[in-house]
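So the sequence shown is residues 1 to 182, counted in the working numbering. What follows is a single structure, written as structure tokens, with notes after it.
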Amino acid sequence: MKNLIKLLPLSISCLMASSAAMAAEDTPTINFAGRIQADHTRYDGGKYPYADGSEVRRLRAGFGGNLTSAWEYRIEYEFAPDEPEVKDVYFRYTGFANTRITLGNFKVFSSLDELTSSNNTTFNERSLANAFDTQRRTALGYQTWGDQFSFSAATYTREPNNLERGTGNAARFIYHPTLANG
């Protein structure tokens with residue numbers, strides 16, 4: 001009985017420590033994000049009468065984070081001068097190894113040009129081929145990957161900012177060959 005009494009506080013301490021570690025892992029998080037993209041022109045005169053000017057191309061604000069260790073979320077809105085719109089609003093399940101399941105409004109898995117953030121592109125504008133992409137849609141998406149491949153698929157509906165676009169499916173498979181010496 002004395003040993004039980006001695007072990008009881010130790011057991012309770014271990015239980016509290018493990019539950020605190022689990023709680024820290026499953027505590028919801030929030031990360032705020034945003035960006036401003038602006039243009040400015042300064043003209044020093046000459047033969048053509050151009051004017052100086054500035055323009056805010058876009059201002060994007062949002063937040064995202066984890067609800068638990070297996071659930072992520074993201075909400076992002078763009079305040080563009082001509083077309084303010086919802087960008088990302090989704091929940092993502094990451095509880096399986098090398099797998100993501102996403103539900104909401106997000107970039108449909110199509111061309112690499114569309115999937116690359118405008119923060120990481122070389123030029124201000126995307127290529128002409130990007131005009132034919134599906135871009136962001138309300139969808140159910142599945143992604144999986146390994147050392148030499150990745151696969152993504154989604155079934156999507158209309159986008160929330162444009163009810164005229166139709167529904168569809170998209171898939172993307174990438175194979176990464178291994179290069180050997182010699």
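Glycine included, every Cβ here is placed at the ideal spot set by N, Cα and C. Bear in mind that the values here come from a model prediction, so they are computed numbers and not experimental data.
- request: Report the partner residues of F109 according to the DSSP bridge assignment.
  value: As DSSP reads the structure, F109 sits in no beta bridge.
message: Beta-carbon within less than 6 Å of A180's beta-carbon, same chain only, minus the 5 sequence neighbours each way: which residues are those?
response: Take A180, set aside five residues on each side of it, and no residue of its chain has a beta-carbon closer than 6 Å to its own.
query: In three-state terms, what does DSSP make of A23?
result: With a pLDDT of only 48 at A23, under the threshold of 50, the placement of this residue in the model should not be trusted; the figure read from the coordinates follows. Three-state result, A23: helix.
query: Residues bridged to A153 by DSSP?
result: Answer by DSSP bridge pairing, in chain order: Y142 and A171.
- request: Assign E83 to one of two classes, buried (16 or more other C-beta atoms within 10 Å of its C-beta) or exposed (fewer than that).
  value: Its Cβ having fewer than 16 others within 10 Å, E83 is exposed.
query: Where does F79 fall in DSSP's three states?
result: Reduced to three states, the DSSP call for F79 is coil.
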